[in-house]
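Peer 1: If you count the sequence shown from 1, position 1 lands on 1 in the working numbering, and the numbers rise without skipping.
Please find one structure pasted underneath; my questions will follow.
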Amino acid sequence: MSTENKRNARQSNDTRSGSSEIYSSERYDSANDVKVVGGSQDQVVEEIIANRVDANAEVITDRGVYRVEALKKLLYSHENGLRMRIILGVSVLLCSWAISLDWSVTSNLRPWATSDFEQHSMGLGALSVAVQLITAVSKPVWARTANIVSRPATYLISLIFYVLGYIIVASSTTISAYIVGSALSAAGESGVEFLSSIIVADMTSLKWRALATSTLSTPYIINTWYAGHIVSDLGPTGWRWGYGMFCIIVPVVLAPATTIMFYYENKAQKSLDVSEKGPDKDIIFRKNWKKLFWRVLVEVDILGLLLLGFAFALILLPFSLYRNAENQWRNPSLIAMLVVGGVLLISFFVYEFVWAAFPILPRRCVNRTFVGSIIITFFFQLAGMVPLTYLSSYVWIVKDWSNQEWTYYNNT
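See below:
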């Protein structure tokens, strides 16, 4: 190409871009198989929309991201914005304080609760497996739901799981109900914690984001010691109140944050003009909740998560159940659990590599670095979590400590 042609092409590109900031030189929209090259931010958005939108189709995009950006813009420009941001920040911090207090208290109540059902050894092992699996599997679900639906709606859903789980725990009459309730509350708790950090990141600038998100962990410094007094007052017979009180505390401290976010998010949407809303509001979100729900299921790879969760549950639970099983490891049920778990684990890898539209384990992740990191983490968790599951029970028996001193030891 001649120098004159290059100059003309450059001038033509400058004319199209105007004074807009260059958004990106090249990027790939994998969800729609669209390659976007060059151009301003407006051109990039228009090109993505043009490739996504059919004039007669009902299309759903990342509504949650768009709405939280509008919310942030309103809170930083509204006359009461500073006051609302302070209330929002304090509410989220209090929620983090309540969640950290929950962990510092309830983790010490588990030996008493399982002993109350006369299933201490089996109960602690099964409880640990269920809680850890649910916590790991639920995080991608909360993340994608927050992007597709909205931050406050996901906050509310996770809070419902949390409260419902602890209601089941506090009123449980069997070890099975106790474990199921703990698993539900673990799913809700992971959502509340995750959304708290995401909302703080959304509302702060990049300069202060690390400090702001780190502040959410500071309550552990206080609650590590304060929880000892609560556990001591509850005692082995009052463990149900230790779970029940958080059904009240967490919703109360989180109410201001969710109220502010719901109110000002809707207000921000109503205040936008047609050009800011883009085609058909919320970037062509048409409030088709069936499509919305289906998109969440597809993009979080729900089938892959279920295969992974059930596979590890069936493989790990026999190690907690075999002592109470007839003939122990020769029990047909335990053998069946291990076999089915292994088959599901193999099916998970096949599904992720061949059929998954949004795989949680893409083929590109299978490399020496990733596999080596997984092996290191596996042995690290094995060395740490296996002894810790029963360590608090062992210390409570062999040491002549008060309940408060025992709690201090467990929390440190």
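Glycine included, each C-beta is placed from N, C-alpha and C at the ideal position.
1) If you drop the 5 nearest sequence neighbours on each side, which residues of the same chain put their C-beta closer than 8 angstroms to that of Ile179?
2) So, Ile417 versus Ile374, is the Cβ gap smaller than 8 angstroms?
3) Within 10 angstroms of its Cβ, does Thr258 collect 16 or more other Cβ (buried), or is it exposed?
4) Could you tell me how far apart the beta carbons of Pro219 and Ser96 are, in whole angstroms, since I believe they sit closer than 8 angstroms?
5) Do you know offhand how far Lys270's Cα is from Pro256's?
6) For Ala336, is the classification buried or exposed, using 16 other Cβ atoms within 10 angstroms of its Cβ as the cut-off for buried?
7) Quick check: Tyr162 and Gly244, are their CB atoms within less than 8 angstroms of each other?
8) Along the chain, where does the alpha helix (DSSP H) containing Tyr394 start, and where does it finish?
9) Would Val68 and Arg144 qualify as a contact pair, given that the criterion is a beta-carbon distance under 8 angstroms?
10) In three-state DSSP terms, what is Gln119?
11) Just to confirm my understanding: we take Val90, look at its own chain, exclude 5 residues before and 5 after, and list those with CB closer than 8 angstroms. What are they?
12) Out of Ile148, Gln119 and Leu74, which one is the CA nearest neighbour of Lys290?
13) Give me, in chain order, the residues of the same chain whose beta-carbon lies closer than 8 angstroms to that of Thr174; leave out the 5 immediate sequence neighbours on both sides.
14) With DSSP run on the structure shown, which of helix, strand or coil describes Val149?
15) Terminal residues of the continuous alpha helix (DSSP H) containing Glu489?
16) Between the alpha carbons of Phe379 and Phe262, how many angstroms are there, rounded?
17) From Val253, Pro140, His120 and Trp239, pick the residue whose C-alpha is nearest to that of Leu308; which is it?
18) Cα-Cα, which of Ser402, Pro332, Leu316 and Pro359 is closest to Leu382?
19) Starting from the Cα of Leu160, find the closest Cα among Val386, Cys365 and Leu254 and give me that residue.
Peer 2: Straight from the coordinates:
1) Gly123, Ala126, Leu127 and Ala130
2) With the chain covering only 1 through 412, there is no way to say anything about residue 417.
3) buried
4) 6 angstroms
5) 21 angstroms
6) exposed
7) no
8) Arg368 to Val398
9) no
10) coil
11) Pro256
12) Ile148
13) Phe117
14) coil
15) Summary: the structure shown does not reach residue 489, with the chain confined to residues 1 through 412, and so no result is reported for it.
16) 44 angstroms
17) Pro140
18) Leu316
19) This sequence places Ile at residue 160; Leu is not what is there. Of the listed residues, the one whose Cα sits closest to Ile160 is Leu254.
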